[in-house]
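Numbering of the sequence shown is given in the numbering used here, commencing with residue 786 and proceeding in unit increments.
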Amino acid sequence: MIVHPALLEIADDSPLALVPFTGGRIYRHQRTLGLADCGSDGILRFDAAARIAQDIAAADLADSGLEDEGVWVVRRTHIRFFGAPRYRETLAVSTFCAGTGRSWAQRRTTLLGEVGRVEISSLWVQTDPSSRAPKSLTSRFHEVFGPSAQNRRVGTRLELSEEKDFVVLPWQPRVTDIDILGHTNNAAYFEAIEEVARRSDMPSAASTEVFAIAEYRDGVEDGEIAEVRLAYASPDGFRLDFHAREKRQCSLAFGTKA
């Protein structure tokens, strides 16, 4: 694999590691890809994959009976395409807890189709519904999700450094990008990955392995005009940093496997 300066190497104990399911609770459902999930080439988009992962995570929590314990906020996400799921393809979607910390948990999700597979790993932090401060995982959470986590401990440290050499791209979140927490939904940032990759004729999942990493800070809020900084643009990948309120709010990296 080409290691591009825009990317980072993922350690085995990272919450971004694509660890396999070995036992315990796993939640499954099916999803048929529609027009809103796919690009003009008919291939599942990164932002749509992130939304599917977000939706099954919420469904898993609801099914477990733990959805009222706190509000979960995503901190980091790694999405990797092995093949290209396409329009009208029915995917087998599954998710499980792959690691925990004091107030956070790693969630692994697989989107499996006939001609493609997408693997997703995210770090989610549980917050108090009122204060939005991190809230410790309960014994009930560990009882339900602990068996699949296999006592695997993960941390919350962000790793994508801020880039100094960049070009600025205009970007403003749409009303439809804002979620019930009042800021740009985590999946919406991946729309910028799609925009830059397609406009730059980057290789797609139809021809090679493609992946993206996102790290979230406070986030871009409703009505804000953000500055998007593009760095390290090359056939191997690129970096995007979203700036608002005079500081970095989100960082993303896109890469390919030659």
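Don't be surprised by glycine CBs; every beta carbon is placed ideally from N, CA and C.
When you compare the stretch 930–948 with the stretch 883–903, are there three or more beta-carbon pairs, one atom per stretch, that lie closer than 8 Å? yes
Among all the DSSP beta bridges, which residues are the ones paired with residue 996? 865, 1040
Rounded separation between residue 1011 and residue 1025 - CA only: 12 Å
C-alpha distance - residue 836 paired with residue 972, whole-angstrom precision: 6 Å
State the DSSP-derived secondary structure class of residue 935, mapped to helix, strand or coil. coil
Output the distance between the C-alpha atoms of residue 821 and residue 807, rounded to the nearest integer angstrom. 33 Å
Are residue 858 and residue 914 touching if we call contact CB-CB under 7 Å? no
Can you tell me where the beta strand (DSSP E) holding residue 905 begins and where it ends? 901–912
Can we count residue 813 as close to the ligand MN, meaning its CB is less than 6 Å from some heavy atom? With respect to the ligand MN, the structure offers nothing, as it holds no ligand at all.
When DSSP labels each residue in this structure, what does residue 807 get in the three-state scheme? coil
Suppose contacts are defined by Cβ-Cβ distances below 7 Å. Is residue 831 in contact with residue 975 by that definition? yes
Just the Cα atoms here: how many angstroms apart are residue 948 and residue 917? 29 Å
May I have the straight-line CA-CA distance separating residue 932 from residue 810, to the nearest angstrom? 7 Å
Residue burial classification, residue 960 (beta-carbon count within 10 angstroms, cutoff 16): exposed
Residue 795 to residue 997, Cα distance in whole Å? 12 Å
For residue 812, which of helix, strand or coil comes out of DSSP? strand
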